[in-house]
Amino acid sequence: MKNTPNENGDGAEKPASSAKFRYMKFARFVIASVFIAVTVVVIAAVTTMYQKAPGPKAGELSPVRMEVDQSAVDEQFEIRCSSTSGCTPASINLIGTLGNTTFPLYGMNFTCITTYNGDDGWSVGCTGSIPESVVSSIDDITCRPVLQNQTEADEAEVKISKEVLVCNDSLNCSFDCSGDNQDKYYSNPKFCNIFHRCVDKRLYTAPCGKGAYFSTQTCVCSNIDDVIKEIGCDKDGMRLNVENVKTLCTYSTGSYAGVFARCTFCNYKLR
Numbered sequence: 011m012k013n014t015p016n017e018n019g020d021g022a023e024k025p026a027s028s029a030k031f032r033y034m035k036f037a038r039f040v041i042a043s044v045f046i047a048v049t050v051v052v053i054a055a056v057t058t059m060y061q062k063a064p065g066p067k068a069g070e071l072s073p074v075r076m077e078v079d080q081s082a083v084d085e086q087f088e089i090r091c092s093s094t095s096g097c098t099p100a101s102i103n104l105i106g107t108l109g110n111t112t113f114p115l116y117g118m119n120f121t122c123i124t125t126y127n128g129d130d131g132w133s134v135g136c137t138g139s140i141p142e143s144v145v146s147s148i149d150d151i152t153c154r155p156v157l158q159n160q161t162e163a164d165e166a167e168v169k170i171s172k173e174v175l176v177c178n179d180s181l182n183c184s185f186d187c188s189g190d191n192q193d194k195y196y197s198n199p200k201f202c203n204i205f206h207r208c209v210d211k212r213l214y215t216a217p218c219g220k221g222a223y224f225s226t227q228t229c230v231c232s233n234i235d236d237v238i239k240e241i242g243c244d245k246d247g248m249r250l251n252v253e254n255v256k257t258l259c260t261y262s263t264g265s266y267a268g269v270f271a272r273c274t275f276c277n278y279k280l281r
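In the numbering used here, the protein residues as written are 11 to 281.
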């Protein structure tokens, strides 16, 4: 029996069209559900792969490294500080110390650049210029990472004394960076944790990391106890050098690789 058209002439097709619409709606729902399920599975798989992939550990922070260009131009000392961290970048503040008071050093053009790569994580490099008049008026200059955990910040920060940078003692404070001494290192005649390097006829000064002194036998920052055994320093970090003469050395002086393996908090290269 045929369907009878209604007064608009479309009654015969309405039941079939309604069923077709319901079928198409259900099909779209199924397709959308499958797509969502597949997307969730893919995202979960990618997330798992990312979590298992090798990379920096969360919260991992290297000790801050510092170097100061001692060849002051226009009575300015150029300072560089850098550090690496894992999942979260940690900026660096430039801080001055006078007695028991610490304060940020503003107006030093201290600028930090943050970069990231999959192997090392976040790297922060900062540069600035400190007038000699400022250095002379404070006790220490510190590069301190910006961390919520202040104990970690204490361990990672690095500082250098005014006595190292502003010194009028020609015997202890003048270093020959002529052509023959390029890429060579001087121990500091007074402070065990300080060393100097000649690069492009300019003198760069840097502190070893915490827990290390500069060894004149190996010409690198080494474990404090090892340097004390060399009869090079006392436990207070002062050089045991009766004549108070600077020592010039190179990497070839000692076993660089061995020291590198056992010293964690060392600044091995300035550049």
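In this text, a Cβ means the ideal position worked out from N, Cα and C, and glycines have one as well. Given the structure is predicted, the values throughout are model-derived calculations rather than measurements.
Check                                                                                                                                                     : Outcome
Assuming V168 and F87 are in contact, meaning their beta carbons sit under 8 Å apart, how far apart are those beta carbons, in whole angstroms?           : With a Cβ gap of about 15 Å, V168 and F87 do not count as contacting.
Out of N203, S95, N127, N191, which has the shortest C-alpha to C-alpha gap to D210?                                                                      : N191
Under 8 Å, do I140 and L108 count as touching if we go by C-beta distance?                                                                                : no
Among residues of its own chain, excluding the 5 on either side of S133, which ones have a beta-carbon nearer than 6 Å to its beta-carbon?                : T94, T125
May I have the straight-line CA-CA distance separating F205 from Y195, to the nearest angstrom?                                                           : 7 Å
Where in the stretch 111-177 do unbroken runs of the beta strand (DSSP E), each at least 3 residues long, occur, reported from the N-terminal end onward? : 111-114, 121-127, 131-141, 150-155, 168-171
Evaluate the contact criterion for the stretch 218-232 versus the stretch 241-249: three or more CB pairs, one atom per stretch, below 8 Å.               : yes
DSSP beta-bridge partners for V74?                                                                                                                        : DSSP output for V74 lists no bridge partner at all.
Return helix, strand or coil for L108, following the three-state DSSP convention.                                                                         : strand
So is P73 buried or exposed if we call it buried at 16+ other beta carbons inside 10 Å?                                                                   : buried
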